[in-house]
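*Asks:* As they're listed, the protein sequences go chains A and B. For the first sequence, the working numbering begins at -18 and goes up steadily by one. For the second sequence, the working numbering begins at 84 and goes up steadily by one. We treat Cβ as the ideally placed atom computed from N, Cα and C, and that holds for glycine.
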Amino acid sequence: MDGHIAELLPLPNLSTLVLLALAEGDAHGWAIIRRIREIEGTTRTPSSGSLYIAMLRLEDQGLVEETSAPEGIQGDDARRRYYRLTAFGRRVLEAEMDRLTRLVRRAQEWNVVARPARGHA
Amino acid sequence: MKAGRAVFAATLRLLPSAVRARVVEEMQAIYDARMAEASNARARLVVWVTEMWGAAAALWRLRSWRRVAQPTRAFDGELSDVRLAFRGLTRRPGASVLAVLTVGLGIGSASAMFSVVDGVLLRPLPWPDADRVVAIYPTIEEWRTHPSLSASWDRARFSPPEFADWAKRQMSFAAATPLASFTRHLTGRGPAELVSVGVASMDPPGHRRSS
């Protein structure tokens, strides 16, 4: 399975953001977009078309799956589809984050980016 | 912006059916949520352009989603391309009949055209040295400027005595035979009919030169 994970890396940027957004909890498309906006710290957001190109691929790769609406928000827009991160999706996300972390460390070693202050490390 | 939403919804309807059921409603929900968030007309226009661009990208990227997503189901195992094609044909019989008729008509007209080209241009005439046979017409210089006869000034006809004289004097050909073709009305039993008539002499004496 680990070999299979390696085949999926590196993830496209939007796919990484979607998996990261779903790591916070199950969400529908619009909520995923708002979380991505929050993660990126920008008002520029992916269109619904771009999001679903990524979502369909992630779903068919088994990284995310459709789920029922969480308790208490059944009265929400009936058109909503909720998604959650699968166990395999979480491992792929961890592997991608590990890859990115190693990249950042290497960048710090070469002084491309500032090293974090000791107090925060 | 109702028209804008209608255009967006219509665009989504063009997505392949395997994808449509999974994404269209949610995409419209996202569109509505972003529009509700937009504070003024300019922001709504930006949302519309962004969403339309995204929808177009989805159309392009997902156009063959079934094939990309389920390669093993479509092309592996016992389901051959031929069987897959046959299933496609039976699923839409009207379109299939139309396609078969179109292809049939195309093949028919192409082979008819080839028969003509083959008979007229490619295949030699059924006698020896067919490429040495020529047709000869007299020319009538005065007809060149004639209002109604100018088209046939270099394709005039021999009268029988003219031909006999020419055939006796010509030195260039091994043999010459007069030919004529015209149309005539054929009457008798039943209604009259217009028929094409061809006339040729049977190797008249004096027209053959020794070669």
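Given residue 154 of chain B, which residues of its chain have a CB within under 8 Å of its CB, disregarding the five upstream and five downstream residues?
*Replies:* Legend: pLDDT at residue 154 of chain B = 44, less than 50; position of this residue unreliable, no value from coordinates given.
*Asks:* At least one CB of chain A closer than 9 Å to the CB of residue 127 of chain B: is that the case?
*Replies:* Closer than 9 Å: no.
*Asks:* Can you name the residues of chain A whose CB is closer than 9 Å to the CB of residue 102 of chain B?
*Replies:* Those within 9 Å of residue 102 of chain B in chain A are 33 and 37.
*Asks:* Where does residue 112 of chain B sit, in a helix, a strand or coil, going by DSSP?
*Replies:* Three-state result, residue 112 of chain B: helix.
*Asks:* Output the distance between the C-alpha atoms of residue 260 of chain B and residue 214 of chain B, rounded to the nearest integer angstrom.
*Replies:* One C-alpha to the other measures close to 16 Å.
*Asks:* Quick one: what's got a C-beta closer than 7 Å to residue 279 of chain B's C-beta in the same chain, skipping five residues either side?
*Replies:* 264 and 266.
*Asks:* Quick one: list the residues of chain B neighbouring residue 7 of chain A, beta-carbon separation under 8 Å, in chain order.
*Replies:* In chain order: nothing, as chain B lies at least about 14 Å away.
*Asks:* Counting only C-beta atoms, is residue 152 of chain B closer than 9 Å to chain A at any point?
*Replies:* Summary for residue 152 of chain B: the model assigns pLDDT 47, below 50, so the residue's position carries little reliability; its value from the coordinates is reported in the next sentence. So, interface residue.
*Asks:* Should the stretch 135 to 149 of chain B be regarded as contacting the stretch 16 to 35 of chain A, the criterion being three or more beta carbon pairs within less than 8 Å?
*Replies:* Output reads yes: the stretch 16 to 35 of chain A touches the stretch 135 to 149 of chain B.
*Asks:* Assign residue 110 of chain B to one of two classes, buried (16 or more other C-beta atoms within 10 Å of its C-beta) or exposed (fewer than that).
*Replies:* Residue 110 of chain B should be labelled buried.
*Asks:* Any beta-carbon of chain A closer than 9 Å to the one on residue 105 of chain B?
*Replies:* It does: the Cβ of residue 105 of chain B has a partner Cβ on chain A nearer than 9 Å.
*Asks:* Is the stretch -8 to 10 of chain A touching the stretch 88 to 95 of chain A, taking contact as three or more C-beta pairs under 8 Å?
*Replies:* Because the criterion of three Cβ pairs below 8 Å is not met, the stretch -8 to 10 of chain A and the stretch 88 to 95 of chain A do not touch.
*Asks:* Should the stretch -17 to -1 of chain A be called in touch with the stretch 69 to 85 of chain A, which here means at least 3 C-beta pairs below 8 Å?
*Replies:* Yes, since at least three Cβ pairs between the stretch -17 to -1 of chain A and the stretch 69 to 85 of chain A fall closer than 8 Å, the two stretches touch.
*Asks:* CA-CA distance, residue 85 of chain B and residue 131 of chain B?
*Replies:* Cα to Cα, the separation comes out at about 11 Å.
*Asks:* Count the other CB atoms within 10 Å of the CB of residue 220 of chain B; is the residue buried (16 or more) or exposed (fewer)?
*Replies:* Exposed.
*Asks:* Let me confirm a value: residue 246 of chain B is counted as buried when at least 16 other C-beta atoms fall within 10 Å, else exposed. Which label applies?
*Replies:* Flag for residue 246 of chain B reads buried.
*Asks:* Under 9 Å, Cβ to Cβ, is there at least one residue of chain B near residue -7 of chain A?
*Replies:* Chain B, which has no Cβ nearer than 9 Å to the Cβ of residue -7 of chain A, makes this no.
*Asks:* Determine, using beta carbons only, whether residue 1 of chain A and residue 27 of chain A come nearer to each other than 9 Å.
*Replies:* No; because the gap between Cβ atoms is not below 9 Å, this pair is not in contact.
*Asks:* Taking the alpha-carbon of residue 42 of chain A as reference, which of A:70, A:-3, A:30 and A:65 has the nearest alpha-carbon?
*Replies:* The option with the nearest alpha carbon to residue 42 of chain A is A:70.
*Asks:* Taking residue 10 of chain A as the query, report the chain B residues whose CB atoms sit under 8 Å from its CB, ordered along the chain.
*Replies:* What residue 10 of chain A touches in chain B: 109, 110, 112 and 113.
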